[in-house]
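Peer 1:
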Amino acid sequence: MKPATALITTVGHPADRILAIVNKLQQEAIDRETAVRMQTREDVTAELQLKLEEARASITQLLEQARASASEWQQERARFEEQIAALNSRPEPAKNDQPDQGLSAQVAAIVAGEIARVQSVMDEIDAKLADTSLEMAAEMRLRRERAELEAYLK
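In the working numbering, the protein residues as written are 4 to 157.
#1: Start and end of the alpha helix (DSSP H) containing T37?
#2: Using only alpha-carbon positions, find the residue among L132, L137, V124 that is nearest to E151.
#3: Let me know the secondary structure DSSP gives A115 once reduced to three states.
#4: Find out if the Cβ-Cβ distance for the pair L132, E142 is shorter than 8 Å.
#5: Given L90, which residues of its chain have a CB within under 6 Å of its CB, disregarding the five upstream and five downstream residues?
#6: Less than 8 Å separating the beta-carbons of I128 and R147?
#7: Does DSSP classify D134 as helix, strand or coil?
#8: In this structure, does DSSP put E95 in helix, strand or coil?
#9: CA-CA distance, H16 and L28?
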């Protein structure tokens, strides 16, 4: 095309001119939309990247806590296993089905002495109850004491 013809076609019909302006505006709108989309994508990507880094830091911290807890648990478990081994290695005291004869004889002597003492007190009460000049209040008190001593012997 010749330069004169190019000038005529660009300045030609008003409809062509309007069409050129509309095309130019449409292209500018497309370019702006593309720029806004790119900016939005960059902003969202940066925000998500920040959240991802925070999540990774949180995961790292939780992993460290889990490792520390596992280490503490292993140490405590080892300590308990040592205590169990120490307790298992101790010799068990000899089990004796028969009671100690010396102790049993002492207990029997003490019990026999107590029975004799209570029996003598009951005999004294019986002698007092045999007295006919005893007042009723005294008789009731002596019978109560005798009943308590009988219950004690059982």
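Glycine included, C-beta positions come from ideal geometry on N, C-alpha and C.
Peer 2: Inspection of the coordinates gives the following:
#1: Per DSSP, T37 belongs to the alpha helix (DSSP H) from 17-92.
#2: Nearest C-alpha to E151: V124.
#3: Correct three-state label for A115: helix.
#4: Pairing L132 with E142 gives a Cβ-Cβ distance under 8 Å.
#5: Only residues of its own chain outside the window of five on either side were considered, and among them none has a CB closer than 6 Å to the CB of L90.
#6: No, Cβ-Cβ distance for I128 and R147 is not below 8 Å.
#7: Judged by DSSP in its simplified three-state form, D134 adopts coil rather than helix or strand.
#8: Reduced to three states, the DSSP call for E95 is coil.
#9: Cα to Cα, the separation comes out at about 19 Å.
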